[in-house]
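Below is one structure, written out as structure tokens, with a few remarks after it.
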Amino acid sequence: MLSVQQAESIILDLVQPLQDREIVNLETATGRILATSVSSKLDFPYWDNSAMDGYAVRFADVENCDRDRPAILEIVEEIPAGYKPQQTIKPRQAARIFTGAMIPEGADTIVIQEDTEKEGNKVKILSSPQPQEYVRKKGTFYQAGNPMLEEGIVITPADIAILATAQCTKLTVYRRPRVAIFSTGDELITPDMPLQPGQIVDSNQYALAAIVAENGGIPIKLGIVPDKRELLTETVSQAISQADIVLSTGGVSVGEYDYVEQILAELGGEIHIRSVAVKPGKPLTVASFANSCLYFGIPGNPVSALVSCWRFVQPALKKLSGVLGGWKPLFFKARSLQELRSNGKRETYVWGKLYLVDGCYEFEIAGGSHSSGNLINLAQTNGLALLPVGETGVSAGDEVLVMRVNY
Ligand code: AMP
Ligand code: MG
2 MLSVQQAESI ILDLVQPLQD REIVNLETAT GRILATSVSS KLDFPYWDNS AMDGYAVRFA
62 DVENCDRDRP AILEIVEEIP AGYKPQQTIK PRQAARIFTG AMIPEGADTI VIQEDTEKEG
122 NKVKILSSPQ PQEYVRKKGT FYQAGNPMLE EGIVITPADI AILATAQCTK LTVYRRPRVA
182 IFSTGDELIT PDMPLQPGQI VDSNQYALAA IVAENGGIPI KLGIVPDKRE LLTETVSQAI
242 SQADIVLSTG GVSVGEYDYV EQILAELGGE IHIRSVAVKP GKPLTVASFA NSCLYFGIPG
302 NPVSALVSCW RFVQPALKKL SGVLGGWKPL FFKARSLQEL RSNGKRETYV WGKLYLVDGC
362 YEFEIAGGSH SSGNLINLAQ TNGLALLPVG ETGVSAGDEV LVMRVNY
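Encoded structure:
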């Protein structure tokens, strides 16, 4: 059986980041992956402008003044933000200016209004400023043509502000990965169907679609497929032909109705993973196809399905999306509030909640049964505590690595 680390690296090696690009508007670009680096033709600030309300002056005129010997300057213009100055400031002249307004020709320094006194069309400067004080010089924060944002980043709200400033309203991003999802099992019904004895409501398809969407993928829900070979073959082949990644749940154990692996092989899939030394989620099947579609046959138990998806599918989806790096899950050192147990034979993930308390992480195990069939106590899970192979437990108060999920 493969270790979790072996399975992770096999999976990541199988993924080639998508190259297809599309253009999106700035309004819908948050969370998308930038497919080109972005630069601006404009300097930032665009032109010299005032950082304060006050007067634009020539430093030489105000160099040696103070309250007792104020410089007295003629006000030749008023420049609100957004207007082009009309006058050149000559010796012993000043312009009334407001925050963000363009500095007029001839002026090189701003005197804040608190250090002035206006008298008709004259202003008294009561305190000598520093040379160039409160002038935001053109291009001090950014010079036109330099890279502003790099290819392969996830566009954040702060990046949106930068792109707007640079007047980049159309952005080239990678297309979103298409992820086909279906559930297998004769016992499954959709959440809106009346439950008959023996049946189980399909939860996996909804949960996996949510994880896919959260990771920037497009979930394509193909529904429930009964444990009938022909129907399963049909759905698998349809899924492979239309998606970058396929996620099916169920049918990968060793039961009589577990056909997935045989079907993948019949359809030309190369099987790379048959099971992983992980708990929950041992019977994970991973296959690749000639059209570069990657297939994850995920165990049907709802907890196994979620843990497999968080641990193995999410990194693949991230790499596929074109984002540069940061594909692997994040693990935090946390103090476990309870004792955690494992049989030590497989890498074990214990679900619960990760809290940040006074700058330190704490992990609280979910109450109730830790059976992989119990999905109810997964509510609000945001951490999976990791017990490595060979480790049978962690005592309350001891440190444990916790994988963060749902961020
Ligand atoms: P399987 O992996 O097909 O052997 O299924 C293992 C267990 O998970 C069985 O108890 C199934 O009824 C349950 N199960 C399988 N698929 C789903 C699903 N889509 N939603 C909820 N439970 C499921
Ligand atoms: Mg089944």
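Reading the sequence shown from the start, the letters are residues 2 to 408 in the numbering used here.
Cβ atoms here follow ideal geometry from the backbone N, Cα and C, with glycine treated the same way.
On a predicted model such as this, the values are computed, not experimentally measured, just so you know.
Residue i - partner residues in DSSP beta bridges
i: Glu400; result: Arg336
i: Thr250; result: Ser184, Ile299
i: Phe364; result: Ser337, Leu355
i: Ile156; result: According to DSSP, which records beta bridges pairwise, Ile156 is partnered with nothing at all.
i: Leu3; result: Val277
i: Ala72; result: Ile126
i: Arg22; result: Tyr175
i: Met53; result: DSSP output for Met53 lists no bridge partner at all.
i: Met143; result: In the sequence under discussion, the amino acid at residue 143 is Tyr, which differs from the Met named in the question. Paired residue(s): Phe45.
i: Arg137; result: Asn50
Near the ligand AMP: residue i beta-carbon under 7 angstroms from a heavy atom
i: Pro227; result: no
i: Thr349; result: no
i: Asn302; result: yes
i: Ile201; result: yes
i: Ser372; result: no
i: Ser204; result: yes
i: Glu188; result: yes
i: Ser254; result: yes
i: Thr157; result: no
i: Gly282; result: no
i: Thr250; result: yes
Alpha-carbon to alpha-carbon, residue j and residue i
i: Val308; j: Glu9; result: 13 angstroms
i: Val124; j: Ala162; result: 38 angstroms
i: Ile274; j: Leu164; result: 43 angstroms
i: Ala386; j: Tyr362; result: 12 angstroms
i: Arg405; j: Thr250; result: 23 angstroms
i: Ala317; j: Cys310; result: 10 angstroms
i: Tyr296; j: Leu189; result: 21 angstroms
i: Phe290; j: Ala244; result: 11 angstroms
i: Lys42; j: Gln87; result: 25 angstroms
i: Asp44; j: Ala278; result: 55 angstroms
i: Gln206; j: Ala240; result: 14 angstroms
i: Gln357; j: Leu379; result: Note on identity: in this sequence residue 357 is Leu, with Gln being the wrong assignment. Their backbone Cα atoms lie some 19 angstroms apart in a straight line.
i: Gly140; j: Trp48; result: 7 angstroms
i: Gln131; j: Gly121; result: 26 angstroms
i: Leu3; j: Gly391; result: 15 angstroms
i: Ile76; j: Glu118; result: 12 angstroms
i: Gly353; j: Asn407; result: 12 angstroms
i: Ser293; j: Val401; result: 37 angstroms
i: Ser396; j: Glu340; result: 4 angstroms
i: Glu134; j: Thr173; result: 40 angstroms
i: Pro92; j: Glu79; result: 17 angstroms
i: Thr1; j: Ala214; result: Because the chain spans 2 through 408 in this model, residue 1 falls outside it and cannot be assessed.
i: Arg192; j: Asp203; result: Correcting the residue type first, residue 192 is Pro in the shown sequence and not Arg. The alpha-carbon atoms of Pro192 and Asp203 are separated by roughly 7 angstroms.
i: Asp359; j: Leu325; result: 32 angstroms
i: Thr29; j: Ala95; result: 45 angstroms
i: Pro105; j: Val136; result: 11 angstroms
i: His371; j: Ile201; result: 19 angstroms
i: Phe142; j: Glu152; result: 21 angstroms
The ligand MG heavy atom lying under 7 angstroms from the CB of residue i
i: Tyr296; result: no
i: Tyr258; result: yes
i: Thr185; result: yes
i: Gly224; result: no
Chain-order list of residues whose beta-carbon lies under 8 angstroms from that of residue i (same chain, five-residue window excluded)
i: Ser322; result: Pro18, Leu19, Ile34, Tyr175, Arg177, Pro178, Asn216, Gly217, Gly218
i: Thr393; result: Arg342, Ser343, Asn344, Gly345
i: Gly252; result: Thr185, Gly186, Asp228, Leu233, Tyr258, Asp259, Tyr260, Val261, Gly298, Gly301
i: Val287; result: Ala8, Ile11, Ile12, Leu15, Ile272, His273, Ile274, Leu295, Tyr296, Phe297, Gly298, Phe313
i: Lys171; result: Ile24, Val25, Asn26, Leu27
i: Asp54; result: Ile98, Phe99, Thr100, Ile113, Gln114
i: Asp21; result: Tyr175, Arg176
i: Ser129; result: Val63, Glu64, Asn65, Cys66, Asp67
i: Tyr56; result: Leu74, Ile76, Ala95, Ala96, Arg97, Ile98, Ile111, Val112, Gln114, Thr117, Val124, Ile126
Beta-carbon proximity list for residue i, same chain, < 7 angstroms, skipping 5 on both sides
i: Ala72; result: Asp62, Val63, Cys66, Ile126
i: Ser328; result: One point to set straight first is that residue 328 is Trp, not Ser, in the sequence displayed. The answer, listed in chain order, is Leu13, Pro316, Lys319, Lys320.
i: Leu355; result: Phe333, Ala335, Tyr362, Phe364, Asn383, Gly384, Val403, Arg405
i: Pro284; result: Val253, Ser254, Ser276, Pro300
i: Thr236; result: Phe183, Leu223, Val226
i: Ser40; result: Gly146, Asn147, Pro148, Met149
Cβ neighbours of residue i in the same chain (closer than 6 angstroms, five flanking residues each side left out)
i: Ser305; result: Pro281, Gly282, Ser373
i: Ala82; result: Phe99, Gly101, Ala102
i: Arg181; result: Looking at the sequence shown, residue 181 is not Arg but Ala. Ile221, Leu223, Ala240, Ala244, Val247, listed in sequence order.
i: Gly398; result: none
i: Pro198; result: none
Heavy atom of the ligand ADP within 7 angstroms of residue i beta-carbon
i: Val58; result: Within the structure as shown, the ligand ADP is missing, the only ligands being the ligand AMP and the ligand MG.
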